[in-house]
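**Student:** Chains as they are written, first to last, in this note's numbering: chain A, 6 to 292; chain B, 10 to 377; chain C, 4 to 239.
For every residue, glycine included, the Cβ atom is placed at its ideal position computed from N, Cα and C.
On a predicted model such as this, the values are computed, not experimentally measured, just so you know.
This is the structure I have questions about; it appears just below.
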Amino acid sequence: MLQYIINGLQSGSWYSLLAVSIVIVMKASDVPNFAVANMGLVGAFLAYSFVSAHLPFGVAVVLGLLGAALFGVIIDRAVIQRLGDKGHFPLLLMTIGISLSLAAALELIWGTNSLSLNAPWSNKTVHLAGQIINWDGIVTIATGLVIAIAITWFFHTTAGVRMRAVAENRSAARLVGVRISRVSGLAWGIGTAVAALAMILQTESSVLSYTAGDALLVPAFVAATAAGFTSPVGAYVAGLVIGVLENLTGGYISTALQSVVALVVVVLILLLRPSGFTRTALARREV
Amino acid sequence: MPPHDLLPDGNRRGRRWAKLASLIVLITLLAVVPPAMNSYDQYLITLTLVYAITTLGLNVLIGWTGQLSLAHAGVFGLGAYLSTILIQHGWGFVPSLLVAGLGSAIVGGLVVFPALRFSGFTLAVASLAFASVIVQLFDNGGSVTGGGGGLAVPVFQFSGLSQTMSTYYVTLISTVLCFVVAHRMRHLRFGRVAFSIRDTEIAAVVSGIRVVRYKVFVFAFAAFLGAIGGALYAQLETFIFPVMFSTNTLVLMLVMLFLGGASSLYGPIFGAIFAVVMVELLQSFGSYQDLLYGLLLMLVIGVLPGGMASLPERLRTSHLLGRAVRGVASRFGRGRQDEATAASPVPPTATGSSLVDDPGDGVESGVA
Amino acid sequence: MLLEIENVVGGYGRVEILHGVSLGVEEGEIVSILGANGAGKTTLLRTVSALLPAWSGSIRFAGKELVGMKTESIAARGLGHLPEGRGIFQMLTVQENFDVAASLRRDSRAEVRKDIARLLSVFPALTSKLKHPAALLSGGQQQMLALARALLGRPKLLMIDELSFGLAAVLVEELFTTIQQLRDQGTTFLIVEQNAGVLEIADRVYVMRGGRNEVAGAASEFAENRDLLVRSYLGG
């Protein structure tokens, strides 16, 4: 039981981080970023290459995250902002296009074979309350928690408040001088770095391949949807819940049903609360 | 409004006859010429028709009604698997084709009930999740679906014809039927209602249209077309496995839809022709193909002036040239316009704005 | 002329709403644009702020051409715009609404804080609400916040879209008085209204109808023929 829960929290943390990334990007660009996982993979592959170049793991990860952030900013400038005047629908489809192109590009650059990105703690275990627990699980869960807190704090800084203002009313934000392009670049930068962290953690505990993002995308989106696309805390918690539910289902019922859990969760959420669970009383008041 | 409504009566009738005549010639050619071709070209033509039917389904959803549902690749797979499994259990080909279509239509129609509660992004996410569940069912279906290894498809064959030609004729007939039905629907009340749901859902509700009923029907009809496409695709490929119905397939469908011209009736055919020709030309590039699909989708979306929001206008002239001219025209004056412009309520462009529950206040929706 | 609009044509998408509007605002004036619903008043303001593209014509502010600039750069040049519907960030607290508006300020935080304190003394009702989400404010308080927030950017000219909308008559009077005081302190105003009450504070008036400016004149002239104005142009 404990083992299932810890495993669930671990995979839940991957979903959570991706969901938080989705929420950040949603705030600034008002688009569900379907490329989130594959954009994060860019960071993971970069980190892998830096490790292969004999850089220390920590340095490689930091460089990978920076590379991912830069990549996010470039995508925002080169693609997303150019489309900014064309409505939400094309933007959404654009992220799908980015996602597919990116997977193909990653495959072409790093090959089809599964690679292994090894952290110093990979395959190391610790005994806790009579259970054997992997270090990567502990690191992943701790990282997820730290990032969730950091992002929540960020949304109360000046830059974060501006981002929330843009999310709520773009035109009004521009009228009071908020430079949309900066806010957008910042969001894509931070968002992609957070996604990269998720993918580094995930591929470190399994294998690194250009398809690694596929399995994470749906649960991450379900978590973001549950948070009404607005609350990083909500997205984080929802991600953990889905992860734990999946693992308990897999452990006690059937592994085949495991991934159906996500759908059941999303349907339940949407039937009960079409706008997500974490919309505040405030937001509902407006409706 | 579709352009034909704007034409004077006599002119309209003349054009209709010309159209009908050229269609009959085209269909006759399609019936007579392929037997003389080699079997690979026969395969390509069949594939084009299969894609056209499938994309037509997506078009009814996205182009006509403005419902951003991303489950179409999954539904396509559902048609393929359902028909194949039925045939394996001794059903005849035609009944299994129809049952696969109707079964998927029921699934599509049922799925719409939770989907009615939300629109836009949430619908996109939920439908994508739904599609991924379908594909996982194929993967985990044990001996019924063959798991990751897939299923061999018992292929239907007319006596005296090759497998490919049999599939081709069945596909040709299906294509003609599907497009005729779609054409009728477009020009009946259904079409007008669909477009009005897309343009301003709220206005549609206000004017007393039972949006729910229409949406259920649209989802069901789209699923039917997608599943028929899938069932024929299974016949054509003779072997199906889960990966064939993944997101990559969805992207290809979207490329065909937008390239051909979303919301126009024959757009899917042009899109399908383009996709098949492209795949053929790029075959030697192997793994560059996916990269190209993705880049192409990005390009198509990037080039459409006004994106989906300009659809009502694009109805008037839906060929590429007119689009490019308008692209230049819309950039006249200030190069870029604010996103609020695209979502402004004055011209009927609400596809963009109805995609999200508008969180803002009057600023986003003001006209003096 | 502080703001000079010349022959501006524009609209939404491909629908032309402004068919060539020309008007000017001198420094230190309160100018009002009156017109019925659909006259193109809001469209005009949105075009000046580049929320909508000007298809042709010219808009000059303090001698600089605005057509082709971005909304945020126009705001940074000192042309404020309090939009229709107020543009309050409902999910943000009152304080955070101010913080966002301080994006325009290039001077020190201390200066900004001083300005906020000064604005709060003009609108004391907001003082106790600083930590509250703006959604919890009453309509009148929201309008005050919108006005205070717009003033925090220290605009040379502030365009206001329907200051009176949805507010009680007493409150409108109060806000009009405040605007007069602010003008005396050096801010220029361009106020779009359907409510002819604005004639009491305006220096000059333009009347718009069907996307054109039809008549213009001193506010006092219009005030004398108020009934005629209302009947022929404001549709009520």
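How about the region 49-66 of chain C and the region 150-169 of chain A: do they share at least three Cβ pairs that are nearer than 8 Å?
**Tutor:** Touching, no, given that fewer than three Cβ pairs across the two stretches are closer than 8 Å.
**Student:** Based on Cα-Cα distance, which residue from B/Val288, B/Thr256 and B/Lys224 lies nearest to leucine 119 of chain B?
**Tutor:** Here residue 119 of chain B refers to the residue found at position 110 of the second sequence. Nearest option by C-alpha distance: B/Lys224.
**Student:** In the DSSP assignment, the beta strand (DSSP E) including isoleucine 20 of chain C goes from what residue to what residue?
**Tutor:** Position 17 of the third sequence, counted from the first residue, corresponds to residue 20 of chain C. Residues 18-28.
**Student:** When we look at the beta-carbon of tryptophan 193 of chain A and count the other beta-carbons within 10 Å, is it buried (16 or more) or exposed?
**Tutor:** Looking up residue 193 of chain A in the first sequence gives position 188. Buried.
**Student:** Residues in its own chain within less than 7 Å of aspartate 148 of chain B by CB, not counting five upstream and five downstream?
**Tutor:** Against the second sequence, residue 148 of chain B aligns to sequence position 139. Closer than 7 Å at Cβ, skipping near neighbours: Gly156, Gly157 and Pro251.
**Student:** Can you find the residues in the same chain that come closer than 7 Å, C-beta to C-beta, to leucine 14 of chain A, ignoring five residues on each side of it along the sequence?
**Tutor:** If you number the first sequence from 1, residue 14 of chain A lands on position 9. Excluding sequence neighbours, leucine 14 of chain A sits near Ile146, Leu245, Gly248 and Val249.
**Student:** Given a cut-off of 8 Å on the beta-carbon distance, is the pair phenylalanine 225 of chain C and valine 208 of chain C in contact?
**Tutor:** Stepping through the third sequence from its first residue, residue 225 of chain C is reached at position 222. Stepping through the third sequence from its first residue, residue 208 of chain C is reached at position 205. Yes, the pair counts as a contact, with Cβ atoms nearer than the cut-off.
**Student:** Of all the residues that make up the region 63-79 of chain B, which are near chain A by a beta-carbon distance shorter than 9 Å?
**Tutor:** Residues Ile71, Gly75, Leu77 and Leu79.
**Student:** Between which two residues does the alpha helix (DSSP H) holding leucine 95 of chain C run?
**Tutor:** If you number the third sequence from 1, residue 95 of chain C lands on position 92. No alpha helix (DSSP H) holds leucine 95 of chain C; DSSP gives it neither H nor E.
**Student:** Would you call the region 85-101 of chain B and the region 238-245 of chain B touching, i.e. three or more CB-CB distances under 8 Å?
**Tutor:** Yes, since at least three Cβ pairs between the region 85-101 of chain B and the region 238-245 of chain B fall closer than 8 Å, the two stretches touch.
**Student:** Give the DSSP bridge partners of valine 12 of chain C, in chain order.
**Tutor:** Taking the third sequence and counting its residues from 1, one reaches residue 12 of chain C at position 9. DSSP output for valine 12 of chain C lists C/His22 and C/Ser59 as bridge partner(s).
**Student:** Against chain A, with Cβ distances strictly below 8 Å, would glycine 303 of chain B count as a contact?
**Tutor:** Locating residue 303 of chain B in the second sequence gives position 294, where the first residue counts as 1. So yes, glycine 303 of chain B belongs to the interface.
**Student:** Using a Cβ cut-off of 8 Å (strictly closer), state whether arginine 46 of chain A contacts chain B.
**Tutor:** Reading the first sequence from its first residue, position 41 is the one you call residue 46 of chain A. Note that residue 46 of chain A is leucine in the sequence shown here, rather than arginine. No, its Cβ sits nowhere closer than 8 Å to a Cβ of chain B.
**Student:** Might you give, ordered along the chain, the residues of its own chain that have their beta carbon closer than 7 Å to the beta carbon of alanine 229 of chain A, omitting 5 neighbours on each side?
**Tutor:** Against the first sequence, residue 229 of chain A aligns to sequence position 224. Counting only Cβ-Cβ distances below 7 Å, and skipping sequence neighbours, we find Ala24, Ile27, Val28 and Ala240.
**Student:** Who are the near neighbours of alanine 52 of chain A in its chain, counting only those whose CB is closer than 6 Å to its CB and skipping five residues on each side?
**Tutor:** Your numbering for residue 52 of chain A matches position 47 in the first sequence. Excluding sequence neighbours, alanine 52 of chain A sits near Ala65, Val66, Gly69 and Ile205.
**Student:** Can you find a C-beta in chain A that's less than 8 Å from the C-beta of glycine 90 of chain C?
**Tutor:** Reading the third sequence from its first residue, position 87 is the one you call residue 90 of chain C. It does: the Cβ of glycine 90 of chain C has a partner Cβ on chain A nearer than 8 Å.
**Student:** Are the Cβ atoms of serine 176 of chain A and leucine 54 of chain C separated by less than 8 Å?
**Tutor:** Sequence index remark: in the first sequence, residue 176 of chain A carries index 171 (1-based). Sequence index remark: in the third sequence, residue 54 of chain C carries index 51 (1-based). Yes, the pair counts as a contact, with Cβ atoms nearer than the cut-off.
**Student:** With 8 Å set as the bound, which would you pick, yes or no: does the beta-carbon of isoleucine 103 of chain A sit closer than that to a beta-carbon of chain B?
**Tutor:** Numbered from 1 along the first sequence, position 98 holds the residue referred to as residue 103 of chain A. Answer yes: the Cβ-Cβ gap between isoleucine 103 of chain A and chain B drops below 8 Å somewhere.
**Student:** With 16 other CB atoms within 10 Å as the buried threshold, where does tyrosine 60 of chain B fall?
**Tutor:** Indexing the second sequence from 1 puts residue 60 of chain B at position 51. By the neighbour-count rule (16 or more Cβ atoms within 10 Å), tyrosine 60 of chain B is buried.
**Student:** Rounded to whole angstroms, what's the CA-CA distance from leucine 97 of chain A to glutamine 207 of chain A? Just pull it up for me.
**Tutor:** What you label residue 97 of chain A is simply residue 92 of the first sequence in a count that begins at 1. What you label residue 207 of chain A is simply residue 202 of the first sequence in a count that begins at 1. Taking the straight line from one Cα to the other gives about 25 Å.
**Student:** Could you work out which residues of chain A lie near proline 86 of chain C, taking near to mean beta carbons separated by less than 8 Å?
**Tutor:** Position 83 of the third sequence, counted from the first residue, corresponds to residue 86 of chain C. Chain A residues near proline 86 of chain C: Ser176, Ala177 and Leu180.
**Student:** Spatial neighbours of isoleucine 54 of chain B within its chain, please: CB distance less than 7 Å, with the 5 preceding and 5 following residues excluded, ordered by chain position.
**Tutor:** The residue you call residue 54 of chain B lines up with position 45 of the second sequence. Result list for isoleucine 54 of chain B: Pro43 and Tyr177, in chain order.
**Student:** Just the C-alpha distance for histidine 135 of chain C and alanine 229 of chain B, rounded to the nearest angstrom, thanks.
**Tutor:** Along the third sequence, read from residue 1 onward, the residue named residue 135 of chain C stands at position 132. Along the second sequence, read from residue 1 onward, the residue named residue 229 of chain B stands at position 220. Rounded to whole angstroms, histidine 135 of chain C to alanine 229 of chain B spans 47 Å at the Cα level.
**Student:** State the Cα-Cα distance for the pair aspartate 50 of chain B and asparagine 257 of chain B, rounded to the nearest angstrom.
**Tutor:** Here residue 50 of chain B corresponds to residue number 41 of the second sequence, with the count starting at 1. Here residue 257 of chain B corresponds to residue number 248 of the second sequence, with the count starting at 1. C-alpha separation (whole angstroms): 24 Å.
**Student:** Grouping DSSP H, G and I as helix and E and B as strand, with all else coil, what is alanine 377 of chain B?
**Tutor:** Walking along the second sequence from the start, residue 377 of chain B turns up at place 368. With a pLDDT of 31 at alanine 377 of chain B, under the threshold of 50, the modelled position of that residue is not reliable, and no figure is offered here.
**Student:** Just checking: is the beta-carbon of valine 337 of chain B within a distance shorter than 8 Å of some beta-carbon in chain A?
**Tutor:** The count along the second sequence starts at 1 and reaches residue 337 of chain B at position 328. In this prediction, valine 337 of chain B scores a pLDDT of 41, lower than 50, which makes its location untrustworthy; the coordinate-derived value is nonetheless stated afterwards. Cβ-Cβ to chain A under 8 Å: no for valine 337 of chain B.
**Student:** Following the continuous alpha helix (DSSP H) through serine 106 of chain A, name the residue where it begins and the one where it ends.
**Tutor:** Translated into positions along the first sequence, residue 106 of chain A becomes position 101. Element bounds for serine 106 of chain A: 93-115.
**Student:** Looking at valine 212 of chain A and serine 127 of chain A, is the spacing between their C-beta atoms short of 8 Å?
**Tutor:** As a first step, residue 127 of chain A is located in the first sequence; it is residue number 122 there, counting from the start. As a first step, residue 212 of chain A is located in the first sequence; it is residue number 207 there, counting from the start. In this structure, valine 212 of chain A does not lie closer than 8 Å to serine 127 of chain A by Cβ.
**Student:** Identify every residue that forms a DSSP beta bridge with tyrosine 209 of chain C.
**Tutor:** What you label residue 209 of chain C is simply residue 206 of the third sequence in a count that begins at 1. DSSP output for tyrosine 209 of chain C lists C/Ile36 and C/Ala219 as bridge partner(s).
**Student:** Whose CA, out of C/Gly90, C/Leu155 and C/Asp110, lies closest to the CA of isoleucine 119 of chain C?
**Tutor:** Against the third sequence, residue 119 of chain C aligns to sequence position 116. It is C/Leu155 whose Cα lies nearest to the Cα of isoleucine 119 of chain C.
**Student:** Examine chain B for any beta-carbon lying closer than 8 Å to the beta-carbon of methionine 204 of chain A, and answer yes or no.
**Tutor:** Along the first sequence, read from residue 1 onward, the residue named residue 204 of chain A stands at position 199. No, no contact with chain B.
**Student:** Any beta carbon from chain C within less than 8 Å of threonine 283 of chain A's own beta carbon?
**Tutor:** Numbered from 1 along the first sequence, position 278 holds the residue referred to as residue 283 of chain A. Low confidence applies here, because threonine 283 of chain A scores a pLDDT of 45, under 50, leaving its location unreliable; read the following figure in that light. With 8 Å as the cut-off, threonine 283 of chain A does not count as an interface residue toward chain C.
**Student:** Just curious, the alpha helix (DSSP H) that histidine 84 of chain C is in, first and last residue?
**Tutor:** By 1-based counting over the third sequence, the position of residue 84 of chain C is 81. Here histidine 84 of chain C belongs to no alpha helix (DSSP H); instead the beta strand (DSSP E) covers 82-85.
**Student:** Using a Cβ-Cβ cutoff of less than 8 Å, which residues in the same chain neighbour glutamine 93 of chain C once the five nearest sequence positions on both sides are dropped?
**Tutor:** Locating residue 93 of chain C in the third sequence gives position 90, counting from the first residue. These residues qualify, in order along the chain: Pro136, Ala137 and Ala138.
**Student:** Name the chain B residues that come within less than 8 Å of serine 264 of chain A, Cβ to Cβ?
**Tutor:** As a position in the first sequence, residue 264 of chain A is number 259, starting the count at 1. Correct list: Ser141, Val142 and Gln145.
**Student:** Is histidine 192 of chain B helix, strand or coil by DSSP?
**Tutor:** The count along the second sequence starts at 1 and reaches residue 192 of chain B at position 183. In this structure, histidine 192 of chain B counts as helix in the three-state DSSP scheme.
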